[in-house]
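>
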Amino acid sequence: GDREVLHKMIFEKKSLSVNFAQTVFSADNRVLQEQSGQLFLLRPNYFRMDTVEPDASTIVADGSDVYSYDEMLEQVTIYSFRQQLDRSPLMLVISDDESLWNEYSVTRGSMDSFTVMPKNQNANVKSMSLSFGQDNGLKELRFVENDGKYSIYNFTPIKDSELTPSDFKYAIPEGVTVDDQRSK
Amino acid sequence: CTATLTPEQQTFREEYLAAKKDYAVSGKLGIFDEKVKTSTLLNISVSRPDYTIYVSGITGTTLLKIRKTTSLTEITDDKGNIHTGSNAEELVYNLTGFHIPCDSLPDIVTGIPGNNPAHYRDDGTIESIEFSEFTVNYKNYMEVNGILLPKKIDIKGNNFLLRIAVNKWEI
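First to last, the sequence lines map onto chains A and B.
Position 179 of the first sequence, counting from 1, maps to 307 under this note's numbering, and the rest follow consecutively.
Position 124 of the second sequence, counting from 1, maps to 338 under this note's numbering, and the rest follow consecutively.
(1) What is the DSSP secondary structure of residue 331 (chain B), counted as helix, strand or coil?
(2) Does the beta carbon of residue 259 (chain A) fall short of 7 Å from some heavy atom of the ligand ADP?
(3) Pull up the CB-CB distance for residue 146 (chain A) and residue 285 (chain A), whole angstroms please, since I reckon it's below 8 Å.
(4) Can you tell which of B:382, B:295, B:385, B:370 has its C-alpha closest to the C-alpha of residue 244 (chain B)?
(5) With H, G and I counted as helix, E and B as strand and the rest as coil, what does DSSP make of residue 292 (chain A)?
(6) Could you list which residues in chain B have their beta carbon closer than 7 Å to that of residue 198 (chain A), in chain order?
(7) Check the Cβ-Cβ distances between residue 292 (chain B) and every residue of chain A, and say whether any is below 8 Å.
(8) Would you mind telling me which residues of chain B sit closer than 8 Å to residue 194 (chain A), beta carbon to beta carbon, in chain order?
(9) Identify, in the order they occur along the chain, each residue of the same chain with its Cβ nearer than 7 Å to the Cβ of residue 267 (chain A), setting aside the five sequence neighbours on each side.
(10) Going by DSSP, what residue range makes up the alpha helix (DSSP H) through residue 307 (chain B)?
(11) Three-state secondary structure (DSSP) at residue 250 (chain B)?
(12) Comparing C-alpha positions only, which one of A:170, A:201, A:189 sits nearest to residue 265 (chain A)?
(13) Let me check one thing: in DSSP terms, what residues is residue 261 (chain A) bridge-paired to?
(14) CA-CA distance, residue 212 (chain A) and residue 226 (chain B)?
(15) Can you check whether the CB of residue 139 (chain A) is closer than 8 Å to the CB of residue 224 (chain A)?
(16) Grab me the residues of residue 293 (chain A)'s own chain with a C-beta within less than 8 Å of its C-beta, minus the 5 sequence neighbours each way, in chain order.
(17) Since residue 185 (chain A) meets chain B, which of its residues come closer than 8 Å, beta carbon to beta carbon?
(18) List, in chain order, every chain B residue whose beta-carbon is nearer than 7 Å to that of residue 308 (chain A).
(19) May I ask which residues mark the beginning and end of the beta strand (DSSP E) holding residue 176 (chain A)?
(20) For chain A, is any of its Cβ atoms less than 8 Å away from the one on residue 328 (chain B)?
(21) Taking the straight line between their C-alpha atoms, what separation do you get for residue 182 (chain B) and residue 154 (chain A)?
(22) Given a cut-off of 8 Å on the beta-carbon distance, is the pair residue 276 (chain B) and residue 292 (chain B) in contact?
(23) Is the Cβ of residue 281 (chain B) closer than 8 Å to any Cβ of chain A?
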């Protein structure tokens, strides 16, 4: 079905290196927030997001845990992969966990776009849509919240370099606070 | 951003900003209190005397929406529940445990002393303003349409610190 087609398109490209620009809009289409930086994916479960604006922060999923470093706070927060997913729908696109994907219904829109809806109605995110470019790379991800606010990620390819798990090792900087949320 | 303001320019800047009815600022908000440090995305949209403050998670999902008009103070939480009251700061504290001086934020982010004591740097920019329950430090500025506006702001209370990093002004 549509989900299998989406899976194939997502997992066809084993790794992805892109610049991202995220814009958050209010329900009445005003720009609320903007973020930009770089995003690296190595499927399944490896992910790195280096945000530059409005402030420096880094999120790294090393295959089992997720490290979220915030320069402003001088703090690294460690989450389990699952916890991070609840915080960021973006993580879904790197996961091949069937039980996870079973919580979503997938409908194909046009040739290169899909709508992903959580089956759990109380989820904060009402729906997500993914669009792919000619090279089948992820071009845009959009998610809409229950209150009508929506976020658009635009991706532009950096270079088609082969990434490896060692690119996703994360060393906690000296002298920062470490907040381990995994057991909570 | 280095610039020098003469006393006349200081006065002009403050009067110009105080007279501004509609503006918006967005960026990042770091919240430091005794127990926790957390960072969020922030947007303050002002249409004096009303304002709306959006506090979002790092990926953009809503954590708090604080809307204040002359007749209404309303807070929407991350589950979409709506809470009303008369004092926005109190409502936010009861919901989150965080001190956010909502009613003062529109003046804090633009750097308008009002009747509060202000300290100026040699270059004429405001270094700090002492409000009744906290002190605001303006660490650096950015120029927007010829007007110097705060870029990095610390709001220091007895038991909390808020750190704002602005990345966009609409004024």
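Heads up, the beta-carbon is just placed ideally off N, CA and C, and yes, glycines get one too.
In this structure, then:
(1) Coil, per DSSP.
(2) The ligand ADP is not part of the structure shown, which contains no ligands of any sort.
(3) Confirmed, Cβ separation roughly 6 Å.
(4) Closest by alpha carbon: B:370.
(5) In this structure, residue 292 (chain A) counts as coil in the three-state DSSP scheme.
(6) Those are 253, listed as they occur along chain B.
(7) Yes, residue 292 (chain B) lies at the interface with chain A (some Cβ there is under 8 Å from its Cβ).
(8) Simply none; closest approach about 12 Å.
(9) Within the same chain, residue 267 (chain A) has close Cβ partners 259, 260, 261, 283.
(10) Its alpha helix (DSSP H) spans residues 302 to 310.
(11) Note: residue 250 (chain B) maps to coil in three-state DSSP.
(12) Looking at the Cα atoms, A:170 is the closest of the given residues.
(13) Secondary-structure assignment with DSSP links residue 261 (chain A) through no beta bridge to anything.
(14) C-alpha separation (whole angstroms): 48 Å.
(15) Result yes, Cβ atoms of residue 224 (chain A) and residue 139 (chain A) sit closer than 8 Å.
(16) Answer for residue 293 (chain A): 170, 174, 190, 191, listed in chain order.
(17) Here the neighbours are 253, 272.
(18) Residues of chain B passing the Cβ test: none, with the nearest at roughly 13 Å.
(19) In the DSSP assignment, residue 176 (chain A) falls within the unbroken beta strand (DSSP E) covering 174 to 181.
(20) Not one chain A Cβ lies under 8 Å of residue 328 (chain B).
(21) With chain B covering only 215 through 385, there is no way to say anything about residue 182 (chain B).
(22) In this structure, residue 292 (chain B) lies closer than 8 Å to residue 276 (chain B) by Cβ.
(23) No, residue 281 (chain B) does not count as interfacial toward chain A.
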